[in-house]
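Numbering (this note's numbering), first residue to last: 145 to 302. Heads up, the thing below is written out as structure tokens.
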Amino acid sequence: VRGLYVGFVAYAIADILSTTLTYTATHYLESSRLKDYSFLPSAVGGAISVTVMAPGEGIKLNRQLHGMSMRDAVLNATTKSGFLATMLREIPYSVGLLGGASEIEKTLPFENQRVRRFTAGVISGLFVGLATGFQDIAKTIVQKDRCSLFQAYRSIYR
Numbered sequence: 145v146r147g148l149y150v151g152f153v154a155y156a157i158a159d160i161l162s163t164t165l166t167y168t169a170t171h172y173l174e175s176s177r178l179k180d181y182s183f184l185p186s187a188v189g190g191a192i193s194v195t196v197m198a199p200g201e202g203i204k205l206n207r208q209l210h211g212m213s214m215r216d217a218v219l220n221a222t223t224k225s226g227f228l229a230t231m232l233r234e235i236p237y238s239v240g241l242l243g244g245a246s247e248i249e250k251t252l253p254f255e256n257q258r259v260r261r262f263t264a265g266v267i268s269g270l271f272v273g274l275a276t277g278f279q280d281i282a283k284t285i286v287q288k289d290r291c292s293l294f295q296a297y298r299s300i301y302r
């Protein structure tokens, strides 16, 4: 059980920064001239936050899966922990989820805003999950086996 919490502090810090960036960027862009494009502020905010979140996830995984010290985990967070694979999965996922939900919400017939937002999130999450699922598998293989992204793709499509 203790192994699950190794790297948690780095992940929590990255998550806090990521959420703060998403919230700030989204609200800033919503107050700009881009507010007419409702999907864009959410999509940009999500893409920005992922660049902070991916190294945090790499640190956490290096500590949990490979038993690295904090120093080594930080040094390897963007090189040997699937940083590229994480970015290739998380950016399209965030853009699709956050940007897509706001567009889907406009088309739903529900009067209640909470029901409309919840339903839009479910629909958006379903589609982006299906669209990025293979990349999530590749990301996990790269992080677990410390192989190249190409090797991960080959192992998926054998």
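All C-beta atoms in this analysis are idealised placements derived from N, C-alpha and C, irrespective of residue type, glycine included.
> Beta-carbon separation of A191 and S238 under 8 Å?
Replying inline: Going by C-beta atoms, A191 is nearer than 8 Å to S238.
> Between L241 and V272, is the Cβ-Cβ spacing less than 8 Å?
Replying inline: Judged by beta-carbon spacing, V272 lies within the 8 Å limit of L241, meaning their Cβ atoms are closer than that value.
> Candidates L205, T168, F294: which alpha carbon is nearest Q287's?
Replying inline: Among L205, T168, F294, the Cα nearest to that of Q287 belongs to L205.
> I think V188 touches A169, with their Cβ atoms under 8 Å apart; what is that distance to the nearest whole Å?
Replying inline: By a beta-carbon distance limit of 8 Å, V188 contacts A169. Their separation comes to about 6 Å.
>> Quick test of your reading: N220 and M231, contact by CB under 8 Å. State the CB separation rounded to the nearest angstrom.
In response: In fact, because the Cβ distance is near 16 Å, the residues do not count as touching under 8 Å.
>> Using CA atoms only, rank isn't needed, just tell me which of S246, L165, A217 is closest to V194.
In response: Relative to the Cα of V194, the nearest Cα in the group S246, L165, A217 belongs to L165.
>> Buried or exposed, going by whether 16 or more other CB atoms sit within 10 Å of the CB of A156?
In response: In the assembly as shown, A156 is an exposed residue. Its beta-carbon has fewer than 16 other beta-carbons within 10 Å.
>> What does the Cβ neighbour count give for F235, buried or exposed, with the cut at 16 atoms within 10 Å?
In response: The question names Phe, but residue 235 in the sequence shown is Ile. Counting Cβ neighbours within 10 Å, I235 comes out buried, since at least 16 surround it.
> For S299, which residues from the same chain have a beta carbon less than 7 Å from its beta carbon, with the 5 sequence-adjacent residues on both sides left out?
Replying inline: Excluding sequence neighbours, S299 sits near I285.
> What are the start and end residues of the alpha helix (DSSP H) that includes G226?
Replying inline: Looking at the DSSP string, G226 is not in any alpha helix (DSSP H), and its letter there is neither H nor E.
>> In whole angstroms, give me the CA-to-CA distance for C291 and S268.
In response: Cα-Cα distance, rounded: 31 Å.
> For A245, which residues from the same chain have a beta carbon less than 6 Å from its beta carbon, with the 5 sequence-adjacent residues on both sides left out?
Replying inline: So the qualifying residues of the chain are A264, G265, S268.
> Which class does P199 belong to by DSSP, given the choice of helix, strand or coil?
Replying inline: DSSP, reduced to helix, strand and coil, places P199 within a helical segment of the structure shown.
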